[in-house]
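Presented below is the structure to which this report refers.
Number of protein chains: 4
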Amino acid sequence: MPRPPGHGPGYEIKRQEIIDQAAQLFAKQGYAATGIAEIGQVAGLAKGALYYYIGSKENLLVEIQNRVLNPLLTAARRIAGLDEDPVLRLRLLSQTLLELILARLDHIWVYEHDYRHLRGANRTRLLRQRREFEKIVQDLLVEAMESGAFRKLNARLAMLQFLNMHNHTYQWAKPDGEWDAEFLSREYCATLISGFRSPSYDADDLEERVRSFREREGA
Amino acid sequence: MPRPPGHGPGYEIKRQEIIDQAAQLFAKQGYAATGIAEIGQVAGLAKGALYYYIGSKENLLVEIQNRVLNPLLTAARRIAGLDEDPVLRLRLLSQTLLELILARLDHIWVYEHDYRHLRGANRTRLLRQRREFEKIVQDLLVEAMESGAFRKLNARLAMLQFLNMHNHTYQWAKPDGEWDAEFLSREYCATLISGFRSPSYDADDLEERVRSFREREGA
Amino acid sequence: MPRPPGHGPGYEIKRQEIIDQAAQLFAKQGYAATGIAEIGQVAGLAKGALYYYIGSKENLLVEIQNRVLNPLLTAARRIAGLDEDPVLRLRLLSQTLLELILARLDHIWVYEHDYRHLRGANRTRLLRQRREFEKIVQDLLVEAMESGAFRKLNARLAMLQFLNMHNHTYQWAKPDGEWDAEFLSREYCATLISGFRSPSYDADDLEERVRSFREREGA
Amino acid sequence: MPRPPGHGPGYEIKRQEIIDQAAQLFAKQGYAATGIAEIGQVAGLAKGALYYYIGSKENLLVEIQNRVLNPLLTAARRIAGLDEDPVLRLRLLSQTLLELILARLDHIWVYEHDYRHLRGANRTRLLRQRREFEKIVQDLLVEAMESGAFRKLNARLAMLQFLNMHNHTYQWAKPDGEWDAEFLSREYCATLISGFRSPSYDADDLEERVRSFREREGA
DNA sequence: AATGAATGAGTGTTCATTCAT
DNA sequence: AATGAATGAACACTCATTCAT
């Protein structure tokens with residue numbers, strides 16, 4: 001959302017830096033409890049200059065939400081569209097989600113905590129995007145049910161269990177924690193899938209299939 | 001926890017009402033974004049009178065946290081100390097936790113979001129209590145492993161999965177949602193236990209045992 | 001200044017106690033920086049009851065001023081009217097003034113610091129009384145000049161030197177300091193009189209005359 | 001002592017103006033009884049802009065104290081270190097002190113009345129500086145005793161007499177009073193020295209020596 | 001591209017005082 | 001004789017934002 005018509009080449013770079021720094025502060029202290037002055041101090045900019053880059057405080061929040069939702073939705077749409085077993089796709093989506101969470105812990109804090117400070121159109125768009133992500137997950141779960149892999153579940157509740165398990169991770173994950181996204185995804189999915197699966201479905205080869213998928217893709 | 005030396009009979013009642021109202025506002029808007037003036041308005045009290053009851057804004061936060069943590073820890077300690085199968089105790093603890101979450105959704109919002117605005121001793125005590133609760137859960141999981149019911153898990157990660165699943169519920173639960181605590185607990189535990197259990201462990205009679213336990217207790 | 005028509009026997013006693021306690025607080029923290037709540041706490045009274053005794057905060061200040069000025073003016077008038085050498089009377093007045101200062105250090109702090117918070121008639125009366133005291137001192141100095149004991153001085157400046165020397169004592173005196181009023185009076189007067197006296201005047205027997213005066217009076 | 005990192009050329013000037021205006025208000029009404037709003041009104045600045053310059057109310061008090069103590073201590077150290085008769089140095093110090101008092105009456109009011117509202121390090125530093133000044137005076141008095149000019153006095157009491165006489169001047173001096181610092185210093189010192197001196201010491205030529213010193217210095 | 005200066009509403013909190021009981 | 005409850009203005013201070021330069 002660059003503001004005035006003409007900008008030098010450094011503008012966008014500096015802008016992104018400022019958003020990064022703001023995300024860190026918001027994550028640590030909360031959006032409402034973080035002052036513009038503080039951001040300016042961390043950015044090494046006087047308040048006037050800061051506003052040249054950010055437009056408004058709420059705008060920073062919008063950008064941070066976008067940095068989470070844009071890659072998340074893009075990846076989710078891509079994975080959901082793959083021509084693969086829905087359980088495999090769920091496993092891939094799980095890992096992508098965890099990668100995003102672990103890579104941008106501070107952004108996720110803000111995303112989870114402070115989206116309610118958005119107003120008007122910003123808020124509406126955000127909620128729509130969140131619902132879209134939820135729908136993608138839920139549709140995959142339904143596909144898995146229809147494929148016979150999962151037993152007959154309340155689809156919405158299954159989706160919520162999936163998201164509970166994943167989304168709450170930001171609350172305790174550390175920037176350099178002992179567990180990476182792949183490990184967590186394996187563990188989470190093992191739990192969830194063993195809970196969701198039909199008696200007849202054998203999930204034991206899932207990780208093998210993930211590996212093989214990655215090889216195909218990487219090639 | 002009355003503040004000035006003496007108080008009339010209505011004091012504590014009104015005080016609890018105010019804390020209720022504050023919890024609602026904090027849950028909706030966040031602690032930092034909610035003004036004392038707003039609370040006074042909702043309470044129908046001028047700011048001076050408000051402070052007569054609350055002492056300070058942070059004190060309101062403390063009270064709300066206590067309303068969550070005191071019953072939670074009391075119940076958790078009691079359940080952990082029961083002379084029952086650890087898996088049964090986990091299931092009971094799960095339901096108690098969900099009952100608390102669903103009964104006091106706004107308090108939980110504040111508990112989950114705004115504990116970081118506590119300072120000094122208040123914060124220290126809160127973190128200690130949170131850790132105690134986590135330890136109770138983790139110890140139950142270890143007991144379940146030692147009893148042979150659960151396979152060999154990373155205890156901490158299992159505890160985090162348990163809490164992820166439960167604690168994130170506040171994010172989407174509605175005050176009069178379609179699912180009650182018992183149903184959610186059954187579902188969550190079914191998923192978790194099927195993920196955690198040893199191949200040899202048969203969880204099918206768990207709900208039966210829950211019912212029988214309740215009858216014994218209720219009698 | 002008792003308020004309602006009828007009062008029990010304990011009223012005035014308690015009232016004086018409260019004024020004492022207020023004087024201590026005002027002295028330590030200043031009138032403006034001391035709250036009514038604080039006084040009530042020290043007095044062991046709720047605010048409502050406190051007001052039953054004190055009428056208003058400013059009224060406390062008035063009472064404290066009176067406790068200084070009434071005995072001071074009474075004593076000063078009496079001493080000035082004695083049929084004695086003016087230098088002796090100055091020496092007696094000096095000691096009386098210092099006795100009052102040392103006996104009621106906290107009242108004097110308030111008297112010196114906070115009289116400017118009085119308004120209207122209270123302030124006018126106070127200033128009048130202060131001027132009366134100054135006039136008594138100045139008249140004694142003039143008498144001493146006219147008697148030939150003191151050389152020709154600017155009377156007002158001499159009076160101000162006298163009061164500078166005495167009145168500033170409260171700034172460093174301690175409740176149980178090493179010097180008593182008699183000693184300080186002797187020292188201050190020795191300095192002042194040696195500075196004010198005529199070359200012909202011999203002050204060496206002054207303390208002797210003080211002693212002899214006291215014996216006559218005491219008898 | 002500018003607060004934020006960078007400031008324009010007018011900043012320090014305006015800042016000093018505001019401190020001036022605050023000193024006047026504090027002197028008239030007392031520090032505790034003067035509101036920030038009032039200062040802003042006098043300065044013609046909204047509260048936000050005011051804080052841009054002052055940092056905090058207590059900071060204003062610190063600055064005012066510094067404006068008294070810095071020149072006072074600098075001058076006192078210089079005078080104490082002169083290679084002159086200690087009595088002459090006392091006389092010079094007396095005049096310097098009175099010059100400061102008369103030149104900055106309102107600052108002195110605040111200095112004398114409101115230093116107790118300073119907290120923490122500010123207060124500690126202030127008290128240390130006050131003690132340093134007292135020590136300089138007392139050391140000069142001891143020197144004068146050792147030189148034989150003064151008789152054997154209690155050094156601390158002599159110092160307190162000296163300061164009583166001088167420091168209390170602010171209580172009655174007027175901005176355009178009839179007496180200047182030189183005149184008051186001559187009078188005060190005449191009184192004090194005639195009280196302190198040895199019988200053998202002749203103080204009659206002191207003013208002559210002051211004049212000669214000033215000529216030497218001025219040349 | 002950036003600054004210093006300013007605003008005015010808003011922050012949480014304390015104040016002296018009142019009054020029905 | 002004393003209380004608990006209430007008020008509303010004032011307190012020191014911070015806020016996001018603007019704008020001439």
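If you're matching them up, the sequences are chains A, B, C and D in order.
Taking UniProt numbering as reference, the numbering of the first sequence is continuous, increasing by one, and the terminal residue is 219.
Taking UniProt numbering as reference, the numbering of the second sequence is continuous, increasing by one, and the terminal residue is 219.
Taking UniProt numbering as reference, the numbering of the third sequence is continuous, increasing by one, and the terminal residue is 219.
Taking UniProt numbering as reference, the numbering of the fourth sequence is continuous, increasing by one, and the terminal residue is 219.
Where is the CB? At the ideal position from N, CA and C, for every residue including glycine.
Annotated three-state conformation of R123/D is helix, per DSSP. Taking C-beta separations shorter than 8 Å and ignoring five residues to either side along the sequence, the partners of P199/C in its chain run R151, following chain order. Note that the region 62-71 of chain B does not touch the region 139-157 of chain B; fewer than 3 beta-carbon pairs, one per stretch, sit closer than 8 Å. Separation of the CB atoms of G40/B and L50/B is rounded to 4 Å, and the pair is thereby assigned contact status at 8 Å. For R104/C, the secondary structure class from DSSP, reduced to helix, strand or coil, is coil.
Flagged as an interface residue toward chain D: T169/C, by a C-beta distance shorter than 8 Å. A173/B is the residue among P9/B, A173/B and H113/B whose C-alpha sits nearest the C-alpha of A103/B. For the pair of segments examined, the region 157-173 of chain C was found to touch the region 130-138 of chain C: the number of CB pairs separated by less than 8 Å reaches three. With contacts defined by Cβ atoms closer than 8 Å, K47/B and A37/B form a contacting pair. For A32/D, no alpha helix (DSSP H) encloses it, and the DSSP letter there is neither H nor E. Contact with chain A is found for R116/B, since one of that chain's Cβ atoms lies less than 8 Å from the residue's Cβ. The C-alpha of G8/B is placed about 52 Å away from the C-alpha of N154/A. For R151/B, the secondary structure class from DSSP, reduced to helix, strand or coil, is coil. Counting only Cβ-Cβ distances below 9 Å, N164/C has contacts in chain D at N164, M165, H166, N167, H168, T169, Q171, W172 and Y188, in chain order. Excluding five sequence positions before and after E182/D, the CB atoms of its chain that fall closer than 7 Å to its own CB belong to Q95, given in chain order.
Taking L90/B as the centre and dropping the five residues before and after it, the same chain places the C-beta of L140 closer than 6 Å to its C-beta, in chain order. Beta-bridge pairing by DSSP links R116/B to no other residue.
The continuous alpha helix (DSSP H) containing Q65/A extends over residues K57 to A80. Looking only at N164/B, D85/B, N122/B and A149/B, the smallest Cα-Cα distance to S56/B is reached by N122/B. Note on Q21/D: 16 or more other CB atoms within 10 angstroms of its CB, so buried under the neighbour-count rule. Chain C has a Cβ within less than 8 Å of the Cβ of T191/D. V42/C and Y188/C have their alpha carbons spaced roughly 37 Å apart. Proximity to T74/B across L93/B, L88/B and E58/B peaks at L93/B, based on C-alpha coordinates. In terms of beta-carbon proximity, L60/B stays away from the interface with chain A, with every pair separated by 8 Å or more. Listed along the chain, the chain A residues whose CB falls inside 7 Å of the CB of S194/B are S194 and G195. Taking a Cβ-Cβ cut-off of 8 Å, the neighbours of A33/A in chain B comprise A32 and H117, given in sequence order. E112/B counts as buried, since no fewer than 16 other beta carbons sit within 10 angstroms of its beta carbon. Taking the Cα positions, I108/D is about 14 Å away from H168/C. Here the alpha carbon of E99/C sits roughly 14 Å from the alpha carbon of E178/C. For R197/D, DSSP records a beta bridge to F150/D. The Cβ atoms of F213/C and L45/C lie no closer than 8 Å to each other. Residue environment for I79/C: buried (at least 16 other C-beta atoms within 10 angstroms of its C-beta). Per DSSP, reduced to three states, the secondary structure at W172/D is coil, with no helix or strand assignment. In the three-state DSSP reduction, D20/D falls in the helix class (H, G or I). Judged by DSSP secondary structure, E208/D falls within the alpha helix (DSSP H) whose first and last residues are L206 to G218.
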